[in-house]
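> In the working numbering, the protein residues as written are 7 to 258.
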Ligand SMILES: [Zn+2]
Ligand SMILES: [Zn+2]
């Protein structure tokens, strides 16, 4: 970033919005306080596999039943806790207020993807990145499709192919937030449909399905099933955060 640009638009913390110290590294998006909080959040231990959350692959039961190949995430999400560093980052991306938050999360997620591909011996050419699309109501409310924003930035970071593969069925589906777990799954099943045009591009591919927060994993499970029906060889889930309830309940 040029000096003049930084003078005109002084860089702010992607989480709390405070001005960043002038001597901070160019790639740093968090102020020292938020950085310290972030470093401790990514070390939170999974109650199922005992690894740090950022390295664990455990998933919800729904995702397990859908034959999800693995679920990679950065941190746990604490519903309603607005002061947590990750919650502020996710709200910021949702409300499209600040590019730095999305860019920061994409950089962190790109590291998870690189580690995953290396560990599983998957080459970049085999991979398609895609995302859970938001409904038009949510897009109107927040002005953004946050999973799409993250997937697009991730494509730039990792040089992997990004393509839309799932669509919302018009007039179907309600906001997941207000439903119980069984209702969420039924609702997700009614909400999504395959984009027929992307079927040829999925044949035999490893697909990484991106979302911001996984709660029960209903949208992910429905997306994974559809992608497998569309010809994907295997589907990994990738999210910024998994709800804290999933720390101790799920499948290894
Ligand atoms: Zn901060
Ligand atoms: Zn785990």
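Backbone N, C-alpha and C define an ideal beta-carbon position, used for all residues, glycine too.
Is the beta carbon of residue 100 sitting closer than 8 Å to the one on residue 230?
Numbered from 1 along the chain shown, position 94 holds the residue referred to as residue 100. Numbered from 1 along the chain shown, position 224 holds the residue referred to as residue 230. Contact: no.
> Roughly how many angstroms lie between the CA atoms of residue 85 and residue 246, to the nearest whole one?
As a first step, residue 85 must be located in the chain shown, where it is residue number 79. As a first step, residue 246 must be located in the chain shown, where it is residue number 240. Rounded to whole angstroms, residue 85 to residue 246 spans 14 Å at the Cα level.
> Could you give the first and the last residue of the continuous beta strand (DSSP E) run that contains residue 247?
In the chain shown, counting from the first residue as 1, residue 247 sits at position 241. Taken as a continuous stretch (DSSP letters only), the beta strand (DSSP E) holding residue 247 covers 240 to 249.
> Would the beta-carbon of residue 215 fall within 8 Å of that of residue 243?
Here the question's residue 215 lines up with position 209 in the chain shown. Here the question's residue 243 lines up with position 237 in the chain shown. Against a cut-off of 8 Å, the Cβ pair of residue 243 and residue 215 comes out as a contact.
> Could you have a look at residue 171 and say whether DSSP puts it in helix, strand or coil?
Along the chain shown, one-based indexing puts residue 171 at 165. Residue 171: coil per DSSP, three-state reduction.
> How far does the alpha helix (DSSP H) with residue 51 in it reach, from first residue to last?
Taking the chain shown and counting its residues from 1, the one referred to as residue 51 is at position 45. Where residue 51 is concerned, there is no enclosing alpha helix (DSSP H), given that its DSSP letter is neither H nor E.
> Would you identify the three-state DSSP class for residue 33, choosing helix, strand or coil?
For the purposes of this step, residue 33 is identified with residue 27 of the chain shown, where counting begins at 1. Residue 33: coil per DSSP, three-state reduction.
> In or out: residue 256 buried (at least 16 other Cβ within 10 Å) or exposed?
In the chain shown, counting from the first residue as 1, residue 256 sits at position 250. Buried: at least 16 other Cβ atoms inside 10 Å.
> In the DSSP assignment, the beta strand (DSSP E) including residue 78 goes from what residue to what residue?
Counting from 1 along the chain shown, the entry for residue 78 is found at position 72. That run of the beta strand (DSSP E) goes 77 to 83.
> Ignoring anything shorter than 4 residues or poking outside the region 95 to 151, list the alpha helix (DSSP H) runs there in chain order.
Counting whole runs of 4 or more residues, the region 95 to 151 contains the alpha helix (DSSP H) stretches 105 to 126 and 142 to 148.
> In whole angstroms, give me the CA-to-CA distance for residue 141 and residue 53.
Indexing the chain shown from 1 puts residue 141 at position 135. Indexing the chain shown from 1 puts residue 53 at position 47. If I take the Cα positions, the gap works out to 33 Å.
> When you compare only the Cα positions, how much space is there between residue 190 and residue 63?
On the chain shown, position 184 is the one that residue 190 refers to. On the chain shown, position 57 is the one that residue 63 refers to. Going from the Cα of residue 190 to the Cα of residue 63 covers about 22 Å.
> Would you identify the three-state DSSP class for residue 221, choosing helix, strand or coil?
For the purposes of this step, residue 221 is taken as the residue at position 215 of the chain shown. In this structure, residue 221 counts as coil in the three-state DSSP scheme.
> Is the beta carbon of residue 49 less than 8 Å from the beta carbon of residue 134?
Position 43 of the chain shown, counting from 1, holds the residue named residue 49. Position 128 of the chain shown, counting from 1, holds the residue named residue 134. Going by C-beta atoms, residue 49 is not nearer than 8 Å to residue 134.
> Is residue 236 buried or exposed, if buried means 16 or more other CB atoms sit within 10 Å of its CB?
As a first step, residue 236 must be located in the chain shown, where it is residue number 230. Its Cβ being crowded by 16 or more others within 10 Å, residue 236 is buried.
> Please work out which residues of its chain come closer than 6 Å, Cβ to Cβ, to residue 149, disregarding the five sequence neighbours upstream and downstream, and give them in chain order.
Numbered from its first residue, the chain shown carries residue 149 at position 143. Answer for residue 149: 102, listed in chain order.
> Please say whether residue 66 and residue 220 have beta carbons closer to each other than 8 Å?
Mapped onto the chain shown, residue 220 falls at position 214. Mapped onto the chain shown, residue 66 falls at position 60. Contact flag set, yes.
> Are there any heavy atoms of ligand 2 lying less than 7 Å away from the beta-carbon of residue 18, as far as the coordinates show?
Translated into the one-based positions of the chain shown, residue 18 becomes position 12. No, the Cβ of residue 18 stays beyond 7 Å of every heavy atom of ligand 2.
> Excluding five sequence neighbours on each side, which residues of the same chain lie with their C-beta closer than 7 Å to the C-beta of residue 232?
If you number the chain shown from 1, residue 232 lands on position 226. Correct list, in chain order: 172, 198 and 200.
> Excluding sequence positions up to five away, which residues of its chain have a Cβ less than 6 Å from the Cβ of residue 249?
Here residue 249 corresponds to residue number 243 of the chain shown, with the count starting at 1. Only 83 and 221 meet the Cβ criterion.
> Grab the span of the beta strand (DSSP E) containing residue 58 for me, first residue to last.
Position 52 of the chain shown, counted from the start, is the residue given in the question as residue 58. First-last for residue 58: undefined, no H or E at that position.
> Using the beta-carbon count (16 or more within 10 Å), is residue 126 buried or exposed?
Residue numbering aside, residue 126 sits at position 120 when the chain shown is read from its first letter. Residue 126 is exposed by the Cβ-count criterion.
> Which parts of the region 191 to 219 are runs of the alpha helix (DSSP H), unbroken and 4 residues or longer, counting only runs that do not cross its ends?
List check, alpha helix (DSSP H) in window: 205 to 208.
> Helix, strand or coil, according to DSSP, for residue 91 in the structure here?
Position 85 of the chain shown, counting from 1, holds the residue named residue 91. Three-state result, residue 91: helix.
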